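**Student:** Residues 46 to 296, numbered by our numbering, are exactly what the sequence shown covers, in order.
Glycine included, each C-beta is placed from N, C-alpha and C at the ideal position.
Quick caveat: nothing in here was measured; it's all calculated off a predicted structure.
Provided herewith is a single structure, encoded as structure tokens, for subsequent inquiry.
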Amino acid sequence: MVRKQAKPTLVTKDVKPKRANRINFFELAYEKIEELLINCELKPGQQLTLQELQNATGLGRTPVHNAVSRLATDTLLTVLPRHGLKVTPIDLARERLLLKLRRDMERFVVRLAIDRASLSHRNQMLHIEHVLRERRNDMTLTDFNVLDRRIDQLLLAAASEPFLEHTLRPLHTIYRRIGFIHHTVTAGKADLSTTVDCHLSVLNAVANRHLETALGATDTLIGFVDSMFVEMEAGIDPRLLDCSIEPIFKT
């Protein structure tokens, strides 16, 4: 028997599509786990289970599993077959080397953003610049990281090249975590004024379409991140980079 095909119907103004306003739980899971990694609540070298991540995020198995798969691809988590998960330890030499890749990619993003940014993108950049200037002297690291993420997203949106987001997003996470450790652990480095000023320079130059100034500001920002590695390599406790390392003296 041949079934009759149902006729297509129009969506009326009183009936919303079933997926309208549905939360993207995968993205939410990714962002929550990413934040735990950045703030070192999930310590480098720490072993854990999928269930522990579900408890930490308050989300179900499927979105957390999908987020873990992407974070493993991003080299931020390591999947241990039959033994759960491990937060990938921080390798300062590797991450300092990858900084050269980030520098070249950020310069490419800046070029595209200046060329393609809409008036809305530029207005948003100027607004964030205004907020940063207003709160420059009393901004917490948590507040800065929220704005830093917005700046990264905005520049990528203005560049309008989806491939760049997939490549740069894990790099941004890696260096946001380095910044967190640097500003919270390295003696005398809690002040955020230098990193705020670097971001202000990039935003202002891109919003006003000053290419050479924007490229120079990007290089200065990457140079500042590189200086963090110099200070961290000089004497940071290696257990902050891999919590599985045994302490020299047991207390």
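#1: Over what stretch of residues does the beta strand (DSSP E) that includes T123 continue unbroken?
#2: Give, in chain order, every unbroken run of the alpha helix (DSSP H) that is at least 4 residues long and sits entirely within the segment 198–253.
#3: Grab me the residues of N66's own chain with a C-beta within less than 6 Å of its C-beta, minus the 5 sequence neighbours each way, in chain order.
#4: With 16 other CB atoms within 10 Å as the buried threshold, where does H166 fall?
#5: Within the continuous alpha helix (DSSP H) that includes L95, where are the two ends?
#6: Within a Cβ cutoff of 8 Å, which residues of the same chain sit near L104, ignoring the five residues on either side of it in sequence?
#7: Excluding the 5 residues preceding and the 5 following H217 in the sequence, name in chain order all residues of the same chain whose CB lies nearer than 7 Å to its CB.
#8: Taking the C-alpha atoms as reference points, what is the distance between I290 and K88?
#9: Less than 6 Å between C-beta atoms, sequence neighbours within five positions excluded: which residues of the same chain meet that for N111?
#10: Is the shortest distance between the beta-carbon of A259 and the beta-carbons of chain B less than 8 Å?
#11: Between I173, S238, Q91, E151, which lies nearest to A252 when the distance is taken from Cα to Cα?
**Tutor:** Once the coordinates are examined:
#1: Segment 122–125, the beta strand (DSSP E) holding T123.
#2: When DSSP assignments are scanned along the segment 198–253, the uninterrupted stretches of alpha helix (DSSP H) that are 4 or more residues long and fall wholly within it turn out to be 207–230, 238–252.
#3: Because N66 carries a pLDDT of 45, less than 50, the predicted location of this residue cannot be relied on, and no value is offered for it.
#4: Buried: at least 16 other Cβ atoms inside 10 Å.
#5: Segment 95–102, the alpha helix (DSSP H) holding L95.
#6: F70, L73, A74, K77, listed in sequence order.
#7: Take H217, set aside five residues on each side of it, and the residues of its chain with a beta-carbon closer than 7 Å to its own are D197, in chain order.
#8: When the Cα atoms are used, I290 and K88 turn out to be separated by approximately 12 Å.
#9: Listed in chain order, the non-local C-beta contacts of N111 below 6 Å within the same chain comprise F71, local neighbours out to five positions each way being set aside.
#10: Included in the structure is just one protein chain, with no chain B present.
#11: Taking only the C-alpha atoms, the option nearest A252 is I173.
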